[in-house]
Amino acid sequence: MGKIFAVTSGKGGVGKSTVSAGLSLAFSCQGYKTLIIDMDEGLRCLDLMLGVDNQVVLDLSDILHGREVFDAVYEVNENLFLVPAPQKTGMIDSYLFANFVTNVKDLFDIIIFDFPAGIDFSLYEALPKDSLFLTVAFPDAVTVRDAATVSGLLSKMGCQSRLIINRYDYKFLKRRFYKNLDDIIDEAQLQLIGVLPVSVELQGLSHGLKLSKKGKPMKALIRISKRLMGEHILLPKIKKI
Ligand SMILES: Nc1ncnc2c1ncn2[C@@H]1O[C@H](COP(=O)(O)OP(=O)(O)O)[C@@H](O)[C@H]1O
Ligand SMILES: [Mg+2]
369 MGKIFAVTSG
379 KGGVGKSTVS
389 AGLSLAFSCQ
399 GYKTLIIDMD
409 EGLRCLDLML
419 GVDNQVVLDL
429 SDILHGREVF
439 DAVYEVNENL
449 FLVPAPQKTG
459 MIDSYLFANF
469 VTNVKDLFDI
479 IIFDFPAGID
489 FSLYEALPKD
499 SLFLTVAFPD
509 AVTVRDAATV
519 SGLLSKMGCQ
529 SRLIINRYDY
539 KFLKRRFYKN
549 LDDIIDEAQL
559 QLIGVLPVSV
569 ELQGLSHGLK
579 LSKKGKPMKA
589 LIRISKRLMG
599 EHILLPKIKK
609 I
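The working numbering applies: residue 369 is where the sequence shown begins, and numbers increase by one.
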């Protein structure tokens, strides 16, 4: 059965789609057959980020309403496949969604759901209990507090979550509010699974530009993907992330 990761956050704009797209590329380039599903109804973006926007005709709502799964699965590379989000809101029924998850979970090694921000958890219950939530936050007090709120609510539902710190910038952090990563982890009350640097390359994903395989962002994404698969990979020196 495939491993399921659900990317979430309290605040919008913290990089969930960037993290989801980046991780999907990191898993697929290591040979894992990966499915990424855009759950942001009405605000789809992963088709553009992953460069298949000009092919998209059908989406998740078409699968839920009777089309074959593979009618709305778009190939990004030989190991990476995308299901785009519906164009309109209110199209994802939780019962039909749960059936969809059951149908696809044995077909892929990795399944990544890119959820919208916030605390509407109605669809989270449709995921298998061993799914792992990845809560994304910036190194700032507001998004870290929201990450703590989300993970607290998830844990009440019996769901496990890990923290991804995005837009990390050593010099900025030092000059501002947190002394180090431990302070952020303490405040988020979440186990850290990885840190992504602030980077023009990651921003380029939003323009449909490709990530270089040897750049810092892809290296960070590969480290996170390996940790998610149970490997013990240390954080690099904090100035080098
Ligand atoms: N690590 C990063 N470095 C630079 N820009 C980033 C980074 N992560 C996200 N961004 C930019 O921030 C904006 C919001 O990211 P996005 O992934 O769409 O957030 P969300 O899905 O949480 O709303 C986008 O313009 C994206 O390119
Ligand atoms: Mg998003």
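Glycine residues also receive a C-beta, built at the ideal position from the N, C-alpha and C atoms.
Beta-bridge partners of residue i, as assigned by DSSP
i	result
F611	Since the first residue of the chain shown is 369 and the last is 609, residue 611 is not available in this structure.
I592	For I592, which the question treats as bridged, DSSP gives no partner whatsoever.
Q423	In DSSP, Q423 forms no bridge with anything.
F449	L403, E443
Q559	R530
Residue i versus residue j - alpha carbon distance
i	j	result
A374	K539	30 angstroms
K456	S429	9 angstroms
Y546	Q423	44 angstroms
G380	E436	32 angstroms
T376	S593	16 angstroms
V451	V469	12 angstroms
V387	P507	15 angstroms
L411	P484	9 angstroms
L570	E446	22 angstroms
G399	I431	26 angstroms
D514	K582	33 angstroms
I552	M525	23 angstroms
I601	L416	31 angstroms
S499	G390	19 angstroms
Contacting residues, own chain, Cβ-Cβ under 6 angstroms from residue i (five flanking each side not counted)
i	result
C527	F501
L564	N534, A588
A516	A556, Q557
K473	M369, G370
Local Cβ density within 10 Å of residue i, reported as buried at 16 or more and exposed below that
i	result
L589	buried
V510	exposed
D406	buried
N548	exposed
F438	exposed
Y463	exposed
S580	exposed
V568	exposed
Own chain residues within Cβ distance below 7 angstroms of residue i, not counting five before or after
i	result
K607	Y538
V382	V504, A505, F506, T511, N534
Rounded distance between the beta-carbons of residue j and residue i, thought under 8 angstroms
i	j	result
R535	G562	No, R535 and G562 are not in contact; Cβ-Cβ is about 13 angstroms, not under 8 angstroms.
Same chain only: Cβ atoms within 8 angstroms of residue i, ignoring 5 sequence neighbours per side
i	result
T402	S392, F395, S396, N447, L448, F449, F476, D477, I478, I479, I480
Interface flag, residue i vs chain B, CB-CB below 8 angstroms
i	result
S529	Going by chain labels, chain B is absent from the structure shown, which holds only one protein chain.
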